[in-house]
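Q: Quick note, the sequences are listed as chains G and A, same order.
Oh and the first sequence: position 110 is 110 in the working numbering, straight run, nothing missing.
Numbering-wise, the working numbering comes out as the position in the second sequence, counting from 1, plus 295.
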Amino acid sequence: MTDLFGIPLPALLSQLLLGLVNGSFYAMLSLGLAVIFGLLNIINFAHGALYMMGAFLAWMGLEYLGLNYWVMLLLAPLVVGVLGIFIERLLLQWLYKLDHIYSLLLTFGITLVLEGIFRSFYGSSGQQYAVPDALQGATNLGFMVLPNYRAWVVVASITVCLAVWALIEKTSLGATLRAGTENPKLVQAFGINVPRMITLTYAGGVALAAFAGVLAAPILQVTALMGSNLIIVVFAVVVIGGMGSILGSILTGLGLGVIEGLTKVFYPEASSTVVFVVMAIVLLVRPAGLFGKEK
Amino acid sequence: MQTGTAAVARNPLLVYGALFLVIALLPALGVYPIFVMKVLCYALFACAFNLLIGFTGLLSFGHAAFLGTAAYAAGHALKVWGLPTPLGLLFGMLAAGGVGLVFGLLAIRRTGIYFSMITLALSQMLFFFFLQAKFTGGEDGLQSVPRGNFLGLDLTQDLNLFYVVLAIFIAGFWLIYRTVNSPFGQVLTSIRENEARATSLGYDVDRFKLLAFVLSAALAGLAGATKTLVLGFATLTDAVWTTSGLVILMTLVGGMGTLVGPMLGALIIIALENKIGDLGKALAEITGVDWFNGLGESVSLVTGLIFIVCVLAFRRGVVGEALALIDRFGKEATQTLATTKKPH
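1. How far does the alpha helix (DSSP H) with Asn455/A in it extend, from its first residue to its last?
2. Just to confirm before moving on: does the CB-CB distance between Thr538/A and Thr530/A stay below 8 Å?
3. Can you tell me which residues form a DSSP beta bridge with Gln127/G?
4. Can you list, in chain order, the residues of the segment 82-114 of chain G whose Cβ is nearer than 9 Å to any Cβ on chain A?
5. Quick one: list the residues of chain A neighbouring Leu256/G, beta-carbon separation under 7 Å, in chain order.
6. Just how far apart, CA to CA, sit Tyr96/G and Leu40/G?
7. Using a C-beta to C-beta distance shorter than 9 Å, which residues of chain G count as neighbours of Gly420/A?
8. Find the residues of chain A that neighbour Ser120/G, judging by a C-beta separation of less than 9 Å, and give them in chain order.
9. The alpha helix (DSSP H) spanning Ala166/G covers which residue range?
10. I need the straight-line Cα distance from Leu167/G to Val239/G, nearest angstrom please.
11. Excluding the five sequence neighbours on either side, which residues of its own chain have a C-beta within less than 8 Å of the C-beta of Lys374/A, listed in chain order?
12. Which value, in whole angstroms, describes the spacing of the CA atoms of Phe569/A and Glu592/A?
13. Please determine, among Ala360/A, Ala323/A, Leu382/A, the residue with the shortest C-alpha to C-alpha distance to Leu524/A.
14. Considering only the alpha carbon of each residue, which of Gly540/A, Gly615/A, Ser495/A lies closest to Phe108/G?
15. DSSP puts Asn444/A in a beta bridge; with which residues?
16. By a C-beta neighbour count over all protein chains shown, 10 Å radius and 16 as the cutoff for buried, is Glu88/G buried or exposed?
17. Can a CB atom of chain G be found closer than 8 Å to the CB of Phe423/A?
18. My output table needs one value for Thr537/A: the three-state DSSP class, helix, strand or coil.
19. For Cys342/A versus Gly467/A, is the C-beta spacing smaller than 8 Å?
20. 8 Å is my cut-off, CB to CB: does Ile43/G come that close to chain A?
21. Taking C-beta to C-beta, are Leu514/A and Leu339/A nearer than 8 Å?
22. Based on Cα-Cα distance, which residue from Leu29/G, Met53/G, Val278/G, Pro132/G lies nearest to Val71/G?
23. Please list the terminal residues of the continuous alpha helix (DSSP H) segment that includes Thr553/A.
24. Ile43/G by DSSP, collapsed to three states: which one?
25. Since I believe Gly612/A is in contact with Gly549/A (beta carbons under 8 Å), could you give me their beta-carbon distance rounded to a whole number of angstroms?
26. When every heavy atom of the ligand ATP is checked, does at least one fall within less than 7 Å of the C-beta of Asn588/A?
27. Here's a check: name, in chain order, each residue in its chain whose Cβ is nearer than 7 Å to the Cβ of Gln188/G, leaving out the five neighbours to either side.
28. Please check if any C-beta of chain G sits within less than 8 Å of the C-beta of Gln297/A.
29. Cα separation between Ile232/G and Leu590/A?
Here it is as C-alpha cells:
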C-alpha cells in the first residue's frame with residue numbers, strides 16, 4: 001500500500017473520514033448557532049445540551065418505545081424544536097433588550113439543568129446505540145474500507161446544511177428571514193409577524209442540533225455531557241469562521257474537522273487542542289474571523 | 296455602584312473592617328476553619344472575576360484556567376521544588392498572571408459575546424494541556440502538597456493557616472478596592488458604560504482592558520494557589536470549564552459590580568454544594584420520591600435553576616437588590632431632598 005509522509009494511506013483516509021464526521025457535527029451546530037445569532041442576537045449555549053437531547057431521544061425511542069432510528073431522526077428534532085419554542089417563549093424573549101451576556105448565562109443555566117436531569121436518571125456512563133441495520137457494514141472502495149454509517153453521516157449532514165443554506169439564501173421565506181436579521185422593525189412594519197419568526201428560527205436552529213445528535217448517537221457514546229464537550233469546540237469554530245455567512249459556517253466546521261482528523265494522524269497529543277490553536281492564530285491574523293466582517 | 300446607603304458610602308472601610316473582624320472570630324465561634332478558608336478562597340476568586348464583569352463589563356468564561364494554573368503551579372513549586380510557602384504562592388500567582396496576559400492579548404481582540412466564547416475556548420485548551428501534562432498528575436491530580444511555614448508560623452495548624460488565608464484574602468480584597476476606586480478603575484467603569492466614548496476621549500481602551508484582565512487573572516491565581524495550600528491538592532476540577540461557570544454564578548447571585556456581593560455569593564454557592572446531598576435526602580423523605588436521593592449527584596441541576604432564576608428575575612444579586620432597597624427607603628425618607636439620581 002502507498003504511504004504518505006510515512007503514514008499508510010488507508011489509515012490517513014480513515015482519520016480524514018473521521019475528521020469529516022466530526023466536521024459535519026461542527027458544521028451543523030455552528031450553522032444553527034449562526035442562524036439563531038443572526039435573528040435573535042444571542043449565543044445559544046444550550047445548543048450542545050439540545051444536541052445531547054437529540055441523541056438521548058434517539059436512544060430512548062428505541063429503548064422504551066421501540067421506535068427505530070429513521071423514525072427518531074424525524075421525531076427527535078421535532079420534539080427538541082417544540083422544546084425550543086417553549087424555551088424561547090417562556091425564558092429567552094424577556095432578555096432581548098438586555099446585554100447579550102444575560103442570554104448567554106440563561107442558556108448556560110438551561111444547559112446545566114438539562115445535563116443535570118439526564119445525569120440524575122442515567123448517570124455519567126454512556127449508553128450504546130446500535131447502528132441501524134441498513135447502514136451496517138462497510139464498503140471496500142479499493143483504496144480504503146468505508147464504513148457505511150460514517151459515509152451516511154457526512155452525506156446527510158452536508159445535504160441538510162446545503163438545504164438550510166438554500167432555504168435561507170434562495171427562497172422568499174429566507175429573504176424575509178434575512179431582512180429580519182438586517183432590520184426587524186422595518187420587516188414588522190411590512191406586516192410580517194417578527195416575534196413568531198424569531199420563535200420559529202430558534203426552534204429550527206435547535207432542531208438542527210437535535211438532528212446532529214441523532215446522527216451522532218450510533219458513533220459516540222450517548223452521555224449527558226456529550227454536548228458540552230462539543231459546544232466549546234463549536235464556539236471556537238464560530239470564532240474562527242465568524243457568524244456572518246451561512247456557507248462560511250459550514251465550510252469552517254468541515255474544514256476544522258478535517259484539520260483535527262489530520263492532527264490525530266501526525267501529532268495525536270495535539271488533536272484535542274488543535275482547533276483552539278487555530279482559533280488563536282486566526283484571532284492574531286484576522287480578528288473578525290475568516291468569513292466575518294469588521295464592524 | 297459605590298453609592299449604596301449613606302452610611303456605607305461614607306464609611307465603607309469601617310463596614311469591611313467589621314466584616315473581616317467577624318470572619319476572624321468565626322473559628323472561635325466553632326465554625327470549621329477549613330470550610331471558612333475554602334469559602335475565602337472562592338470569595339477571592341469571585342472578587343477577582345467581578346473586577347472584569349462588574350467593573351469593566353467583560354464576561355470571561357474561562358476564569359477556571361487561572362485558578363487551575365495557579366493551583367498546579369503553586370502545588371508543583373511547594374511539593375517538587377520545595378519552595379518556601381510565600382514564594383510558592385507568589386509563583387502560582389505569577390503563573391496565572393502570565394497565562395492571563397496571553398489569554399488577554401487574544402481575547403480583547405474581539406468584544407462582547409465573542410470575548411466570552413474566546414476565553415471559554417482558550418481555557419478548554421489549557422484544560423486539555425493539564426489533562427495530558429505529566430506534572431499535573433492527570434486524572435489523579437497533584438496530591439499531598441505540604442503547607443510549610445509562613446514567616447515562622449507553622450501552617451500545619453489549621454488556625455495558623457486560617458489567619459494567613461484571611462490576611463491573603465484581605466490583601467487581595469484591598470487591592471481590588473483600591474483598583475476600583477482609583478482613576479484607573481474609573482476608566483474601567485467608563486469602558487463598561489460606553490467603550491466608544493472612552494476611546495474617543497483618548498484612552499487606549501485595549502491597554503486598560505488588558506491590564507484589568509491580567510490583574511483579575513493574577514488575583515484569581517492567588518485564590519487558586521491559596522486553595523491548594525488549604526486543601527493540600529490541585530485537581531482538574533480547578534481548571535474545568537464548569538468551575539468558570541461556578542464563579543460566574545457566585546458573582547451573579549451575590550451581585551455583579553458590588554464589592555461584597557461576590558463574597559456572599561461564594562458563601563451561598565459553596566454552602567449549597569456542601570448541603571445539597573442532605574437537602575435531597577430530606578426532600579426524598581418528605582415527598583417519598585426516590586429520585587431526590589440522587590440530587591447530590593446532580594448539583595448542576597440546582598445551580599442551573601439558580602442561574603435561570605437569577606438571570607430572569609434577580610439580575611442585581613443579593614447585595615445589589617439590598618442596596619437598591621435601602622436606596623429606595625432612603626429616598627422615601629428624604630423625599631423633600633429632591634434627588635435626580637436614578638436607582639441602579
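Backbone N, C-alpha and C define an ideal beta-carbon position, used for all residues, glycine too.
Treat the numbers as computed from the prediction; the structure is a model and nothing was measured.
A: Quick answer:
1. Taking the second sequence and counting its residues from 1, one reaches residue 455/A at position 160. Where Asn455/A is concerned, the enclosing alpha helix (DSSP H) stretches over 453-475.
2. Taking the second sequence and counting its residues from 1, one reaches residue 538/A at position 243. Taking the second sequence and counting its residues from 1, one reaches residue 530/A at position 235. No.
3. As a working mapping, residue 127/G is identified with position 127 in the first sequence. For Gln127/G, which the question treats as bridged, DSSP gives the partners Val222/G.
4. Leu91, Trp94, Leu95, Leu98, Asp99, His100, Ile101, Tyr102, Ser103, Leu104, Leu105, Leu106, Phe108, Gly109, Ile110, Thr111, Leu112, Val113, Leu114
5. By one-based count along the first sequence, residue 256/G stands at place 256. In chain order: nothing, as chain A lies at least about 12 Å away.
6. The sequence position of residue 96/G within the first sequence is 96, counting from 1. The sequence position of residue 40/G within the first sequence is 40, counting from 1. Spanning the two alpha carbons is a distance of roughly 7 Å.
7. Counted from its first residue, the second sequence places residue 420/A at position 125. According to the sequence provided, residue 420/A is Met. The question's Gly does not apply to it. Within chain G, the residues near Met420/A are Ala236, Ser272, Thr273, Val275, Phe276, Val277, Met279, Ala280.
8. Reading the first sequence from its first residue, position 120 is the one you call residue 120/G. The contacting residues are Trp586, Gly589, Leu590, Glu592, Ser593, Leu596.
9. Translated into the one-based positions of the first sequence, residue 166/G becomes position 166. 148-170 is the span of the alpha helix (DSSP H), which, as asked, contains Ala166/G.
10. Here residue 167/G refers to the residue found at position 167 of the first sequence. Here residue 239/G refers to the residue found at position 239 of the first sequence. In a straight line, the C-alpha of Leu167/G is about 24 Å away from that of Val239/G.
11. In the second sequence, the residue the question calls residue 374/A occupies position 79. Once the five neighbours on either side are set aside, the close Cβ partners of Lys374/A are Leu437, Ser439, Val440, Pro441.
12. Within the second sequence, the letter at position 274 stands for residue 569/A. Within the second sequence, the letter at position 297 stands for residue 592/A. A quick correction: the sequence has Asn, not Phe, at residue 569/A. The alpha-carbon atoms of Asn569/A and Glu592/A are separated by roughly 11 Å.
13. Position 229 of the second sequence, counted from the start, is the residue given in the question as residue 524/A. Of the listed residues, the one whose Cα sits closest to Leu524/A is Leu382/A.
14. Numbered from 1 along the first sequence, position 108 holds the residue referred to as residue 108/G. The shortest C-alpha separation from Phe108/G is found at Gly540/A.
15. For the purposes of this step, residue 444/A is taken as the residue at position 149 of the second sequence. In DSSP, Asn444/A forms a bridge with Asp449/A.
16. The sequence position of residue 88/G within the first sequence is 88, counting from 1. Label assigned to Glu88/G: buried.
17. As a position in the second sequence, residue 423/A is number 128, starting the count at 1. It does; some Cβ of chain G falls within 8 Å.
18. What you label residue 537/A is simply residue 242 of the second sequence in a count that begins at 1. Thr537/A falls in the helix class under three-state DSSP.
19. Residue numbering aside, residue 342/A sits at position 47 when the second sequence is read from its first letter. Residue numbering aside, residue 467/A sits at position 172 when the second sequence is read from its first letter. In contact: Cys342/A and Gly467/A (Cβ atoms closer than 8 Å).
20. Position 43 of the first sequence, counted from the start, is the residue given in the question as residue 43/G. Chain A contact via Cβ: present.
21. Within the second sequence, residue 514/A is the residue found at index 219, counting from 1. Within the second sequence, residue 339/A is the residue found at index 44, counting from 1. Cβ atoms of Leu514/A and Leu339/A: closer than 8 Å.
22. As a position in the first sequence, residue 71/G is number 71, starting the count at 1. Taking only the C-alpha atoms, the option nearest Val71/G is Pro132/G.
23. Position 258 of the second sequence holds residue 553/A. Taken as a continuous stretch (DSSP letters only), Thr553/A belongs to no alpha helix (DSSP H), as it is neither H nor E.
24. Taking the first sequence and counting its residues from 1, the one referred to as residue 43/G is at position 43. Here Ile43/G sits in coil by DSSP.
25. For this step, residue 549/A is matched to residue 254 along the second sequence. For this step, residue 612/A is matched to residue 317 along the second sequence. Right, their Cβ atoms sit about 5 Å apart.
26. The ligand ATP is not among the ligands present in this structure, which contains no ligands whatsoever.
27. Indexing the first sequence from 1 puts residue 188/G at position 188. Excluding positions up to five away in sequence, the list reads Val194.
28. For the purposes of this step, residue 297/A is taken as residue 2 along the second sequence, with counting starting at 1. In this prediction, Gln297/A has a pLDDT of 45, which is less than 50 and means its spatial position is unreliable; nothing more can be read from the coordinates.
29. Locating residue 232/G in the first sequence gives position 232, where the first residue counts as 1. Locating residue 590/A in the second sequence gives position 295, where the first residue counts as 1. Using only the alpha carbons, I get a separation of about 26 Å.
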